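Notes follow the structure.
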Amino acid sequence: MEQAETFRRIAADFTAKVEAVGPDGWNAEAPCDGWVARDVVRHLVEWVPWWLSEGTDHSMTITTSVDDDPAAAWAELRDQLQAILDRPEAEQETFESQMFGGAMPLGVATERFVTGDVLVHTWDLAKATGQDASIDADFAAGMYDGMLPMDAMLRQSGHFGPRVDVADDADPVTKLIAFTGRTP
Numbered sequence: 006m007e008q009a010e011t012f013r014r015i016a017a018d019f020t021a022k023v024e025a026v027g028p029d030g031w032n033a034e035a036p037c038d039g040w041v042a043r044d045v046v047r048h049l050v051e052w053v054p055w056w057l058s059e060g061t062d063h064s065m066t067i068t069t070s071v072d073d074d075p076a077a078a079w080a081e082l083r084d085q086l087q088a089i090l091d092r093p094e095a096e097q098e099t100f101e102s103q104m105f106g107g108a109m110p111l112g113v114a115t116e117r118f119v120t121g122d123v124l125v126h127t128w129d130l131a132k133a134t135g136q137d138a139s140i141d142a143d144f145a146a147g148m149y150d151g152m153l154p155m156d157a158m159l160r161q162s163g164h165f166g167p168r169v170d171v172a173d174d175a176d177p178v179t180k181l182i183a184f185t186g187r188t189p
């Protein structure tokens, strides 16, 4: 499934950032208001299992505390979700939740909601910990284009801060990061 491979690629980038964080780096301030680097991982580890159970019969159990070992907690999440996506029957599965736009293929829902979240949080974690904040520009461009029509709804949801103005000819990553309320 194409979306499984996309998740694998974007998750690998996030994993590289996670693994490069030193012991003291987990308490560094993140670009998300009130968050430190550890909270970026915490958000994914807590939100993704909830999201998956909201729209499917799948459940995930992360046994490692983000407070004890953020990298191990992330690895558990990544590996469990990848295993679900890699199953041959995953292509036929549906994610269904009114909160997330109704019914759609599981792979499409994962790419739209989870893989996109991991992409943006890769940038957040890199910025928080002084790493190279380069992220997949092609995926960022598609994500930005897909989010533009939902601008008002996304702002009202509280998931993003006010949009940051950037030049019309800014690169796709800069546009996406600014769209999500972060200062590129």
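Read in order, the letters of the sequence shown correspond to residues 6 to 189 in this note's numbering. Glycine is no exception: its CB is placed at the ideal position from the N, C-alpha and C atoms. Remember, predicted model here, so these are calculated numbers, not experimental data.
Are the region 15-26 and the region 54-61 touching by the rule of at least three beta carbon pairs closer than 8 Å? As far as the Cβ criterion goes, the region 15-26 does not touch the region 54-61, which means the pair count is below three.
Which of helix, strand or coil does DSSP assign to residue 107? If DSSP states are grouped into helix, strand and coil, residue 107 belongs with the strands.
Is it true that the CB of residue 132 sits closer than 9 Å to the CB of residue 36? Yes. Within cutoff.
Which value, in whole angstroms, describes the spacing of the CA atoms of residue 63 and residue 172? Rounded to the nearest angstrom, the gap between the Cα atoms of residue 63 and residue 172 is 42 Å.
Assuming residue 86 and residue 65 are in contact, meaning their beta carbons sit under 8 Å apart, how far apart are those beta carbons, in whole angstroms? Right, their Cβ atoms sit about 7 Å apart.
From residue 107 to residue 59, what distance separates their C-alpha atoms? Straight-line Cα distance between these residues: approximately 11 Å.
Please say whether residue 96 and residue 110 have beta carbons closer to each other than 9 Å? With contacts defined by Cβ atoms closer than 9 Å, residue 110 and residue 96 form a contacting pair.
Starting from residue 51, follow its DSSP beta bridges and name the residues at the other end. Its beta-bridge partners do not exist; DSSP assigns none.
With a threshold of 9 Å between beta-carbons, can residue 16 be considered close to chain C, or not? Structure shown: chain C not included; a single protein chain is present.
So, are the CB atoms of residue 130 and residue 144 less than 9 Å apart? Not in contact: residue 130 and residue 144 (Cβ atoms no closer than 9 Å).
Can you check which of these residues, 71, 74, 112, is closest to residue 90 by C-alpha distance? Looking only at 71, 74, 112, the smallest Cα-Cα distance to residue 90 is reached by 112.
Same chain, Cβ closer than 8 Å to residue 45, neighbours up to 5 away in sequence not counted: By the criterion of a C-beta distance shorter than 8 Å, residue 45 is surrounded in its chain by 35, 37, 126, 129, 130, 133, once the five residues flanking it on both sides are discounted.
Whole angstroms are fine: how far does the CA of residue 74 sit from the CA of residue 42? Answer to the nearest angstrom: the Cα atoms are 12 Å apart.
Measuring alpha carbon to alpha carbon, tell me which residue in 6, 189, 9, 100 is nearest residue 139. Cα-wise, what sits closest to residue 139 is 189.
Determine the burial state of residue 68: buried for a count of at least 16 other Cβ atoms within 10 Å of its Cβ, exposed for fewer. With fewer than 16 neighbouring CB atoms inside 10 Å of its own CB, residue 68 falls in the exposed class.
Can you give the Cα-Cα distance for residue 150 and residue 32, rounded to whole angstroms? Residue 150 and residue 32: Cα-Cα distance of roughly 33 Å.
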